[in-house]
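S.K.: Shown below is the structure under consideration.
2 protein chains.
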Amino acid sequence: METSRPFARVLEQLRKADLRPTRQRLALAKLLFENGYRHITAEALHEEAAAADVRVSLATVYNTLHQFTEAGLLREIVVDGTRSYFDTNTSDHHHFFHEVSGRLEDIAAEQIVVSELPPAPSGTTVARVDVIIRVTEDTQ
Amino acid sequence: METSRPFARVLEQLRKADLRPTRQRLALAKLLFENGYRHITAEALHEEAAAADVRVSLATVYNTLHQFTEAGLLREIVVDGTRSYFDTNTSDHHHFFHEVSGRLEDIAAEQIVVSELPPAPSGTTVARVDVIIRVTEDTQ
DNA sequence: TGGGAAGTTTAGAATCATTATAAACTTCTT
DNA sequence: AAGAAGTTTATAATGATTCTAAACTTCCCA
Numbered sequence: 037m038e039t040s041r042p043f044a045r046v047l048e049q050l051r052k053a054d055l056r057p058t059r060q061r062l063a064l065a066k067l068l069f070e071n072g073y074r075h076i077t078a079e080a081l082h083e084e085a086a087a088a089d090v091r092v093s094l095a096t097v098y099n100t101l102h103q104f105t106e107a108g109l110l111r112e113i114v115v116d117g118t119r120s121y122f123d124t125n126t127s128d129h130h131h132f133f134h135e136v137s138g139r140l141e142d143i144a145a146e147q148i149v150v151s152e153l154p155p156a157p158s159g160t161t162v163a164r165v166d167v168i169i170r171v172t173e174d175t176q
Numbered sequence: 037m038e039t040s041r042p043f044a045r046v047l048e049q050l051r052k053a054d055l056r057p058t059r060q061r062l063a064l065a066k067l068l069f070e071n072g073y074r075h076i077t078a079e080a081l082h083e084e085a086a087a088a089d090v091r092v093s094l095a096t097v098y099n100t101l102h103q104f105t106e107a108g109l110l111r112e113i114v115v116d117g118t119r120s121y122f123d124t125n126t127s128d129h130h131h132f133f134h135e136v137s138g139r140l141e142d143i144a145a146e147q148i149v150v151s152e153l154p155p156a157p158s159g160t161t162v163a164r165v166d167v168i169i170r171v172t173e174d175t176q
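Same order as they appear, the protein sequences are chains A and B.
With positions in the first sequence counted from 1, the corresponding number in my numbering is that position plus 36.
With positions in the second sequence counted from 1, the corresponding number in my numbering is that position plus 36.
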């Protein structure tokens, strides 16, 4: 686990990405990376910030989530037309998506074997392979 | 190919789903199913209808796409936060998603082998497994 | 060390896909 | 042929996200 000094990593990544370590970015990074992996929406992070007395506008939350995604600190997941999720786990892995609750759950890369991928269409390069297992809560 | 009489199927499915075969539904079905598989957005289908002199409101296009999806005539694909695609190919298969152009391309089920799926979280049932290979156009 | 350039944040407006509303219209059944 | 049920539609509403432009910070170097 390299979570021991979460900020060292964040600071370094911000530097790499030419993003100034502002109060807002650092506070959001703290919320995002301090406690294990999570899947969070912009709105939810904004509320969490408010609850933690961090004053940040929703626009900044959106900007920051996108900048962190570009910098490789987050991964954006689209499974549901109504909102985007941001995953703090950027390593290779997949997801269960609970269609009723809207919850996402990680699946470690080793738990799914995708073999025999077809070649990428000519003139293109594979950016990512997403496997989403959509599950529904059993009625009973 | 069972495309020889596309309407027999549509009519039957509409009947099964308790949907009246209205002028609008039939016209949209014709546009959707008459020429091989396609991936289309509501907006695009609405424009196509207009171009074909079929008068349908956008609200009806949305309603119809959702009803057809429930009836199993279409499959909804979410790969991009900004719009939903509807796929006229409802058989088991996967997709390439061209991130730049927003285009979707089918991958036959046999071309990808997903083995060793983890068990669905308890209390849930797998509704579908989506594999999306995101590709980017090579710059060059 | 101070001042300006560059980068950042923000409130609020704008956008855009989608959904809701409720009145007018069709279709079905008898 | 008539009423009930189902549909369509224009229009308004919603909600997530992005834009704008002004105020604010941070950085840099003379």
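All C-beta atoms, glycine included, are put in the ideal place defined by N, C-alpha and C.
According to DSSP, simplified to helix, strand and coil, what is V150/A?
M.R.: In the three-state reduction of the DSSP assignment, V150/A falls in the strand class, which pools E and B.
S.K.: So which residues of chain A does T161/B contact, with C-beta pairs closer than 8 Å?
M.R.: The answer, in chain order, is V171, T172 and D174.
S.K.: Within 9 Å (strictly less), CB to CB, does G108/B reach chain A?
M.R.: no
S.K.: Under 9 Å, do Q147/B and E135/A count as touching if we go by C-beta distance?
M.R.: no
S.K.: What does Q147/A touch in chain B if you count any residue whose Cβ is under 9 Å from its own?
M.R.: E152, L153 and P154
S.K.: Beta strand (DSSP E) containing A144/B: first to last residue?
M.R.: R139 to A144
S.K.: May I ask you to report which of helix, strand or coil DSSP gives E135/A?
M.R.: coil
S.K.: Would D128/B pass as an interface residue toward chain A - the criterion being a Cβ-Cβ separation below 9 Å?
M.R.: no
S.K.: Got a sec: is the Cβ-Cβ distance from P157/A to anything in chain B below 9 Å?
M.R.: P157/A counts as touching chain B.
S.K.: Have a look at I76/B, S137/B, R61/B and A163/B and flag the residue whose alpha-carbon is nearest the alpha-carbon of Q103/B.
M.R.: Q103/B has its Cα closest to that of R61/B, out of I76/B, S137/B, R61/B and A163/B.
S.K.: Is the beta carbon of A107/A sitting closer than 9 Å to the one on K52/A?
M.R.: Cβ atoms of A107/A and K52/A: closer than 9 Å.
S.K.: Taking the straight line between their C-alpha atoms, what separation do you get for L140/A and L101/B?
M.R.: Rounded to whole angstroms, L140/A and L101/B show a C-alpha spacing of 26 Å.
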